[in-house]
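Asks: One line per chain: the protein sequences are S and H, in this order. With the first sequence counted from 1, adding 974 to any position gets you my numbering. With the second sequence counted from 1, adding 974 to any position gets you my numbering. Note that CB positions come from ideal geometry on N, CA and C, so glycine has one too. Just so it is clear, the structure is predicted and the values come from calculations on it, not from any experiment. My questions all concern the structure below.
There are 2 protein chains.
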Amino acid sequence: MPRKRPFAPATIHGESLLSGKRRPGVTLHDVARHAGVSSMTVSRVINDYAFISEASRAKVLKSIEALGYRPNAVARATRTGVVQVGVLYSNPNSSNLSAFLMGAFRKAGEIGCQLLIEPTAAHPTPARAVAKLIDAGVGAVVLPPPLCDDAKILKLLAAAGVGPVSFATARPSPGVTSVAIDDFEGAAMMTRHLIELGHVDIALVRGDPSHSTSTRREEGFRATMAQAGLAVPDAYVVEGAFTYRSGLTAASQLLGLRRRPSAIFASNDDMAAAVSAVAHGMGIAVPTELSIAGFDDTPVASTIWPQLTTIHQPIADMAATAVELAAGLTRRDADDEARKHVLAELTLVVRQSTAPPAG
Amino acid sequence: MPRKRPFAPATIHGESLLSGKRRPGVTLHDVARHAGVSSMTVSRVINDYAFISEASRAKVLKSIEALGYRPNAVARATRTGVVQVGVLYSNPNSSNLSAFLMGAFRKAGEIGCQLLIEPTAAHPTPARAVAKLIDAGVGAVVLPPPLCDDAKILKLLAAAGVGPVSFATARPSPGVTSVAIDDFEGAAMMTRHLIELGHVDIALVRGDPSHSTSTRREEGFRATMAQAGLAVPDAYVVEGAFTYRSGLTAASQLLGLRRRPSAIFASNDDMAAAVSAVAHGMGIAVPTELSIAGFDDTPVASTIWPQLTTIHQPIADMAATAVELAAGLTRRDADDEARKHVLAELTLVVRQSTAPPAG
DNA sequence: CGAGCGATTGATATCGATATCATTCCTTCT
DNA sequence: AGAAGGAATGATATCGATATCAATCGCTCG
């Protein structure tokens, strides 16, 4: 029985979507003809190849400009070979996931590589998720925390000859390419902000101890406090797990103290949001009676009210970089060790949850 | 001055990522050779072309199975022409964004089309965002609410010959392809759940009146209440705007009433989360003294505590479908009007925020 | 002054798939 | 029986780019 018409061209609402109608439509060959050189010369200019005369380069660039040429990533990928890059993610609810995906997919589209997204939650163990990606034939894998700190996973990948890229780890293994932020410095920035507002009694809600970032953030906090000559009582540092619920517990603990802190620095936004909720529940006004600071600048930070003062990380850009590194398409002289550990820039975002202490 | 080595092959950690090492490596031609037919026959089988003898089809399918062949989407896209699909999104904080992106990109990878994501917030008006996508040469655009209900936008697209796909609108225009849920039925499901628990005094927090979904959800709520013979006092239906902050206001209003409702149904999870926070603040126990219901099953629903009872929509699948429709690659006889309005399945997810009323 | 070498450029094959057109068989009809 | 037409298949060109190899073109050097 017949199933389809013989290769009916793809249309939508009667309009053909195929090449005949493609708007840009300018190819590398058009540029070559326009510039009076060969296609290869154009290709070389685009790819920033050495040994092109300045004259040729100029001609080609002018033609590219004149024709509005944009290289076709897909076509490029056919010849270079599609690099498949695996991306693991652990927490489907991670608020940064969408920014992460945006950046990762944008870059993937640009360089024409295929992304395989694999939720670790769908497998009995993270190792199984990695195995699945390896079986699928990926050439590299992007590992968000806490997987990036997992020696077993790294060994598994090494055995399969698949390159790992650590994402947002605070303690990058020396031999492993990584994209991260300086958690120590981020925590220090926020702590300085609170100190400058006049706070003295500052408490910290720690993150999940199994994440390397937790430790670094705590270190940044303590170092800055020490530098300012401020004491950090033991009671002012409580355990958390990066979850909203753990933030509720931590907040109850801190706000129940006889000598209540005037500011609470939570190691991430979810916990800061929980602190905010508890404070509301106890009738403590934010920020006049209590300043609350978060970390990550996830969507929740600007969702809740008052909006959270937090540390912004350029997650999308970082994800893009991670994918680029993973695809190994940086194409520069790769011996350069430095570019294998990329640190992204942090920003202190002051919103409505912090203010000078009362009295 | 030289910039790069002459086309240094892309490597990562010294391992080549290029075709020489590609694991799957099985091409259509390998399958053809194995099956003893021409490449075209294999291509036709893959594409479900009519007029293939059952014998050939069987042989090819067996070879595909034997060799573990998987078509290369990228290569396919070079020949068919890359279909660029634009995706607009309005709220960068929308909690469903990541699920949406996941689904959209997964499908895009499968069918080898390129997605252009454009935040409307980056433009003075939504129309400008649409114009940018049109200029970029997209063949179709996926429109989430409230853009999908905007006649001006639709006209703009029609003028450019770009096909629109409405996403999650409650009121699909007849001529426009759409992927949506039945908001009326979803609201009815949740209302029935509350009624079955024994609630009688049920309040509703409406959504943004400019979204068609708000109206449909309210209608579903009212219809179900009426069907159960329950009254809905005017004071029990308050305005909201789908934001956390609007939820705070609405909650204060409802929980301040002399005769307090025993259950509050918020038109989305963000507002439900706000209701939960206000209840905490007023010392009202959830769910024993107050049941709270949300809608959408966004990450926040399982983040906060107690976790929200809500209506789950398969956002990722819906996004995938939207992209598929947009790319116009369904390839089946497209005259079938029915498949142009896809309704996704809803699920009632009962968590800890609802329970029978006290007393 | 010719060999030798590096810089610069182009011709051609190729990537993995589909589009197009041609071809081979059968049926079936006149 | 021969023409006509449709089912089934294959040969070849093509998509837009890069890889490879060969060919120039100076220049320097012995």
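#1: With a threshold of 8 Å between beta-carbons, can Ser1027(H) be considered close to chain S, or not?
#2: Quick one: which chain H residues come within Cβ less than 8 Å of Gln1088(S)?
#3: Leaving out five residues on either side along the sequence, give the residues of the same chain with a beta carbon under 7 Å from the beta carbon of Glu1263(S).
#4: Work out the CA separation of Ala1101(H) and Lys1314(S) for me, nearest whole Å.
#5: Kindly indicate if chain S contains any beta-carbon less than 8 Å away from that of Ser1072(H).
#6: Compute the Euclidean distance between the alpha carbons of His1167(H) and Ile1155(H), then round it to the nearest angstrom.
#7: Any beta-carbon of chain H closer than 8 Å to the one on Ser1152(S)?
#8: Could you check whether the Cβ of Arg996(S) sits closer than 8 Å to any Cβ belonging to chain H?
#9: Does DSSP put Glu1159(H) in a helix, a strand or coil?
#10: Could you name the residues of the same chain whose beta carbon sits closer than 6 Å to that of Ala1293(S), not counting the 5 residues immediately before and after it, in chain order?
#11: Determine which residues of the region 1259–1288 of chain S have a Cβ less than 8 Å from any Cβ of chain H, and write them out in chain order.
#12: Does the CB of Ile1020(H) have a neighbour CB from chain S at under 8 Å?
#13: Could you tell me the alpha carbon to alpha carbon distance between Ala1205(S) and Asn1070(S), rounded to whole angstroms?
#14: Under 8 Å, do Val1139(S) and Ser1152(S) count as touching if we go by C-beta distance?
#15: Kindly list, in the order they appear in chain S, the residues whose Cβ is closer than 7 Å to that of Tyr1218(H).
#16: Mind listing the chain H neighbours of Ser1069(S)? Cutoff is C-beta to C-beta under 7 Å, in chain order.
#17: Between Asp1244(S) and chain H, is any beta-carbon pair separated by less than 8 Å?
#18: If you compare alpha carbons, which of Thr1165(S), Leu1041(S), Val1323(S), Leu1090(S) is closest to Phe1239(S)?
#19: Are the C-beta atoms of Cys1122(H) and some chain S residue less than 8 Å apart?
#20: Please list the partners that Gly1255(H) has in chain S, where partner means a Cβ-to-Cβ separation under 7 Å.
#21: Going by DSSP, what residues sit across from Val1139(H) in a beta bridge?
#22: Please list, in chain order, all residues of the same chain as Ile1322(S) whose beta carbon is under 7 Å from its beta carbon, the five residues on each side excluded.
#23: From the DSSP output, in three-state form, read off Pro1093(H) for me.
#24: Going along the chain, which residues of its own chain have a beta-carbon closer than 6 Å to the beta-carbon of Ala1312(H), five neighbours each way excluded?
#25: When you check each C-beta in the region 1122–1152 of chain S against every C-beta of chain H, which residues fall closer than 7 Å?
#26: How is Ser1265(H) classed by DSSP in three states: helix, strand or coil?
#27: Indicate whether at least one CB of chain H lies closer than 8 Å to the CB of Thr1052(S).
#28: DSSP state of Tyr1063(H), grouped into three classes?
#29: How is the alpha helix (DSSP H) around Leu1128(S) delimited, first residue to last?
#30: For Glu1213(H) versus Arg1191(H), is the C-beta spacing smaller than 8 Å?
#31: Given a cut-off of 8 Å on the beta-carbon distance, is the pair Ala1114(S) and Ala1301(S) in contact?
#32: Which word fits Met1014(S), buried or exposed, when buried means at least 16 other C-beta atoms lie within 10 angstroms of its C-beta?
#33: For the 8 Å Cβ check, are there 3 or more pairs between the region 1029–1043 of chain S and the region 999–1008 of chain S?
#34: Under 9 Å Cβ-Cβ, which residues of chain H neighbour Leu1062(S)?
#35: Which parts of the region 1204–1250 of chain S are runs of the alpha helix (DSSP H), unbroken and 4 residues or longer, counting only runs that do not cross its ends?
Replies: Straight from the coordinates:
#1: No, Ser1027(H) does not count as interfacial toward chain S.
#2: Around Gln1088(S), the beta-carbon contacts reaching into chain H at under 8 Å are Ala1047, Val1048, Gly1083.
#3: Taken in chain order, the residues that qualify are Ala1332.
#4: The straight-line gap from Cα to Cα measures roughly 41 Å.
#5: Closer than 8 Å: yes.
#6: When the Cα atoms are used, His1167(H) and Ile1155(H) turn out to be separated by approximately 19 Å.
#7: No, Ser1152(S) lies away from the interface with chain H (no Cβ there is under 8 Å from its Cβ).
#8: With a pLDDT of 33 at Arg996(S), under the threshold of 50, the modelled position of this residue cannot be trusted, and the question is left open.
#9: In the three-state scheme derived from DSSP, where H, G and I count as helix and E and B as strand, Glu1159(H) is classed as helix.
#10: Residues of the same chain with a CB within less than 6 Å of the CB of Ala1293(S), apart from the 5 flanking positions on each side, are Phe1074, Gly1077, Ala1078 in chain order.
#11: Cβ contacts with chain H: Pro1273, Val1274, Ser1276, Thr1277, Ile1278, Trp1279.
#12: So, not an interface residue.
#13: Using only the alpha carbons, I get a separation of about 33 Å.
#14: By the CB criterion at 8 Å, Val1139(S) and Ser1152(S) fall inside the cutoff.
#15: Per Cβ cutoff of 7 Å: Thr1277, Ile1278, Trp1279.
#16: In chain order: Pro1273.
#17: Interface residue, yes.
#18: Looking at the Cα atoms, Thr1165(S) is the closest of the given residues.
#19: Taking Cβ atoms only, chain S never reaches closer than 8 Å to Cys1122(H), which makes this a no.
#20: Close partners of Gly1255(H) in chain S (Cβ separation under 7 Å): His1254, Gly1255.
#21: Val1139(H) is bridged by DSSP to Val1116(H), Thr1151(H).
#22: Checking the displayed sequence, the identity of residue 1322(S) turns out to be Leu instead of Ile. Once the five neighbours on either side are set aside, the close Cβ partners of Leu1322(S) are Met1163, Met1164, His1167, Ile1285.
#23: Secondary structure of Pro1093(H) (DSSP, three-state): strand.
#24: At Ala1312(H), the pLDDT of 41 sits below 50, so the modelled position is not reliable; the number obtained from the coordinates is stated separately. Excluding sequence neighbours, Ala1312(H) sits near nothing in its chain.
#25: Of all residues in the region 1122–1152 of chain S, those with a C-beta nearer than 7 Å to a C-beta of chain H are Gly1135, Gly1137, reading in chain order.
#26: Strand.
#27: With 8 Å as the cut-off, Thr1052(S) counts as an interface residue toward chain H.
#28: Per DSSP, reduced to three states, the secondary structure at Tyr1063(H) is strand.
#29: Element bounds for Leu1128(S): 1125–1134.
#30: Between Glu1213(H) and Arg1191(H), the CB-CB gap reaches or exceeds 8 Å.
#31: Ala1114(S) is a Cβ neighbour of Ala1301(S), given a cutoff of 8 Å.
#32: The C-beta of Met1014(S) has fewer than 16 other C-beta atoms within 10 Å across all chains shown, which makes the residue exposed.
#33: Remark: three or more beta-carbon pairs, one from each stretch, lie closer than 8 Å, so the region 1029–1043 of chain S and the region 999–1008 of chain S are flagged as touching.
#34: Here the premise fails: no neighbours, minimum Cβ distance about 13 Å.
#35: For the alpha helix (DSSP H) assignment, the uninterrupted runs of no fewer than 4 residues enclosed by the region 1204–1250 of chain S are, from N- to C-terminal side, 1218–1229.
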